[in-house]
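Taking it in order: structure first as structure tokens, then the write-up.
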Amino acid sequence: MMTKALVLLSVASITCAFSFSEKEKGWKDHAFTEKDLRRQPASVEMPAGLWGKVEEFARATGALKAEDEIDTEFVSLRAFLIEKNRGILGRENFELKFPVGGGEMDLGDFLQPLKGSFYFATDFLPNVDSKAKKVFFVSNSQARTLMGTKVGAGCDSYFDVTSAFTKAMAGPGFLVNTTDGRHVGALVGTYFFLGFEAGKLRISTLIVRDSRFRSLQCRRG
Numbered sequence: 096m097m098t099k100a101l102v103l104l105s106v107a108s109i110t111c112a113f114s115f116s117e118k119e120k121g122w123k124d125h126a127f128t129e130k131d132l133r134r135q136p137a138s139v140e141m142p143a144g145l146w147g148k149v150e151e152f153a154r155a156t157g158a159l160k161a162e163d164e165i166d167t168e169f170v171s172l173r174a175f176l177i178e179k180n181r182g183i184l185g186r187e188n189f190e191l192k193f194p195v196g197g198g199e200m201d202l203g204d205f206l207q208p209l210k211g212s213f214y215f216a217t218d219f220l221p222n223v224d225s226k227a228k229k230v231f232f233v234s235n236s237q238a239r240t241l242m243g244t245k246v247g248a249g250c251d252s253y254f255d256v257t258s259a260f261t262k263a264m265a266g267p268g269f270l271v272n273t274t275d276g277r278h279v280g281a282l283v284g285t286y287f288f289l290g291f292e293a294g295k296l297r298i299s300t301l302i303v304r305d306s307r308f309r310s311l312q313c314r315r316g
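For the sequence shown, the numbering used here begins at 96 and goes up steadily by one.
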């Protein structure tokens with residue numbers, strides 16, 4: 096059973112800034128270097144307001160059996176980092192494997208100190224129909240303005256990114272740029288992956304951070 100968080104956080108009205116070119120090949124078509132990140136993940140607390148959205152989804156799928164009691168099971172997750180500009184990932188593409196329930200990824204372990212773009216993709220319950228899945232995102236990046244454009248969702252704002260994930264995973268993934276730390280504003284935070292399968296709500300979480308840009312993050316640990 097998953098429990099509610101104690102602190103209620105407000106919902107931010109944010110437009111997802113991820114984009115990709117339809118001319119790019121699918122993210123699954125690349126060769127990858129595997130990295131095992133199956134160390135014990137950090138504890139994750141879900142905002143109470145977001146928990147309400149999870150309950151709505153669980154009720155719609157039939158996983159909510161009684162008030163505040165959801166039949167859940169934690170499952171594994173994979174994430175992928177793919178070069179667009181050569182050298183941005185050290186001339187490699189990475190497949191990151193996490194333990195049951197999810198884990199944590201430090202982009203500073205993979206990105207080179209260069210200005211350029213890369214793709215971010217995830218693989219969660221690949222055999223479950225997209226209509227039976229949800230992805231929520233809780234931001235951990237400071238909101239700021241670069242050249243008149245808002246970068247970063249702001250501390251602890253959260254929103255439903257299911258549609259953006261469904262579209263991006265059907266193509267090359269999310270296109271992200273590192274110039275002036277823009278990738279921090281785009282990716283850093285906690286992702287909650289939910290999928291209804293065999294009468295249960297399957298759950299995995301992914302924390303994304305970049306230890307090189309602590310000043311751009313709300314929680315800098």
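The beta carbon of each residue, even a glycine, is placed where N, CA and C say it ideally should be. Since the model is a prediction, treat every value here as computed from it, not as a measurement.
Exposed is the label assigned to Asp131, since fewer than 16 other Cβ atoms lie within 10 Å of its Cβ.
Of the other Cβ atoms in all chains shown, fewer than 16 fall within 10 Å of the Cβ of Asp124; this residue is therefore exposed.
Collapsing the DSSP output to three states places Gly144 in a helix. Rounded to whole angstroms, the Cβ separation of Lys179 and Ser138 is 34 Å, and the two are not in contact under 8 Å. Put simply, the segment 147-159 does not touch the segment 180-198. Fewer than three CB pairs are less than 8 Å apart.
For the set Ile298, Asn235, Leu220 and Thr274, the Cα lying nearest the Cα of Met242 is the one of Thr274. Cβ atoms of Thr300 and Gly197 come within 8 Å of each other, at about 4 Å.
About 6 Å separates the CB atoms of Val170 and Val195; that is less than 8 Å, so the two are in contact. Under the rule that a run must span 3 or more residues, the beta strand (DSSP E) segments found entirely inside the segment 157-217 read 159-161, 167-169, 173-178, 189-192 and 197-201.
Restricting attention to beta strand (DSSP E) runs no shorter than 3 residues, the segment 228-292 encloses them at 228-234, 239-241, 244-246, 253-255, 269-272 and 284-292, ordered along the chain. In the displayed model, Arg307 falls within a helix according to three-state DSSP. Residue pairing for Lys295: DSSP places it in a beta bridge opposite Glu292.
Relative to the Cα of Phe254, the nearest Cα in the group Ile302, Ser306, Ala174 and Ser234 belongs to Ser234. With respect to Gly290, Phe219 sits close: the two C-beta atoms are nearer than 8 Å. A check of alpha carbon separations from Ala143 across Ser252, Ser258, Lys229 and Asn272 identifies Ser252 as the nearest.
The C-beta distance from Met200 to Ala216 rounds to 12 Å, too long to meet the 8 Å contact threshold. In terms of Cα proximity to Lys245, the closest of Leu206, Val279 and Leu270 is Val279. In the structure shown, Lys226 adopts helical secondary structure according to DSSP, grouped into three states.
Across the structure, Phe308 and Gly276 are spaced so that their CA atoms are roughly 7 Å apart. Rounded to whole angstroms, the separation of the alpha carbons of Tyr286 and Ile165 is 19 Å.
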